[in-house]
Amino acid sequence: MTADTPILLVVHHTPSPPTRELLESVLAGANDPDIEGVTIRSVPALGATIPDVLSAKGFLFGTTANFGYMSGALKHFFDTVYYPCLDAVAGLPYGLWVHGNNDTAGAVTAVQKIVTGLALTQAAATVEVTSGVDATARDRCYELGATLAVTVAG
Ligand SMILES: Cc1cc2nc3c(=O)[nH]c(=O)nc-3n(C[C@H](O)[C@H](O)[C@H](O)COP(=O)(O)O)c2cc1C
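Note that numbering that gives the first Met the number 0 has the sequence shown beginning at 0, numbered continuously upward.
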């Protein structure tokens, strides 16, 4: 890693052990030892800042489904960074994972509206996990993390 290694910023809302498992799988994939030339930075959504976004070359967003929408934490993040970062992030790649009990569609749609406004480019299929976190869910999250890391490493 060098000072100018591109940064993949992981912005997530992780309020429970199952969602922690998904985050750890995403980060394990992003930090796959076979992937070089990218720095992974993971920040909780309520702590992610405008400078975090401006320093990144790609994004992974993780959220729970809450009341048919993304979590308030991730929404707060987008509310904070949207206009200050609008020009800087256009065209950069992103990926998304969502965890819910039974219906993640509203959360996915909500994030898609915002990233469309930011003109981010989807670099991997969205991972939607409902109920229990099993090996398949962990593998999909690993793949998501690895795909974004390879994309940002270029
Ligand atoms: C206030 C609240 C609203 C929720 N709304 C939804 C929802 O609309 N759709 C859904 O699939 N899950 C919903 N859930 C479930 C959360 O997504 C779930 O608790 C979260 O992903 C963490 O998973 P866990 O409870 O298995 O640890 C909600 C949970 C809470 C506390």
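Ideal placement from N, C-alpha and C gives every residue a C-beta, glycine not left out. Please read all numbers here as calculations on a predicted model, not as lab measurements.
Look up residue i in the DSSP assignment and say whether it is helix, strand or coil.
i, result
"Ala213", "Since the first and last residues shown for the chain are 0 and 153, residue 213 lies out of range."
"His98", "strand"
"Leu143", "helix"
"Pro92", "strand"
"Ser54", "coil"
Please list the terminal residues of the continuous alpha helix (DSSP H) segment that includes residue i.
i, result
"Val80", "71-88"
"Pro32", "Taken as a continuous stretch (DSSP letters only), Pro32 belongs to no alpha helix (DSSP H), as it is neither H nor E."
"Val128", "Counting along the chain, Val128 falls outside any alpha helix (DSSP H), though it belongs to the beta strand (DSSP E) covering 126-129."
"Thr108", "104-116"
With hydrogens ignored, establish whether the beta-carbon of residue i is closer than 8 Å to any heavy atom of ligand 1.
i, result
"Gly61", "no"
"His75", "no"
"Pro14", "yes"
"Ser24", "no"
"Thr103", "yes"
"His11", "no"
"Thr125", "no"
According to the neighbour-count rule (16 or more other Cβ atoms, all chains shown, within 10 Å of its Cβ), is residue i buried or exposed?
i, result
"Pro92", "buried"
"Ala64", "buried"
"Thr48", "exposed"
Could you spell out the range, first to last residue, of the beta strand (DSSP E) harbouring residue i?
i, result
"Val9", "6-11"
Query raised in the report: With contact counted as at least three CB pairs below 8 Å, one residue from each stretch, are the stretch 69-78 and the stretch 119-137 in contact?
Result: no
Requested in this report: Take every Cβ of the stretch 56-70, pair it with every Cβ of the stretch 101-117, and state whether three or more of those distances are shorter than 8 Å.
Outcome: yes
Requested in this report: Take every Cβ of the stretch 111-120, pair it with every Cβ of the stretch 1-11, and state whether three or more of those distances are shorter than 8 Å.
Outcome: no
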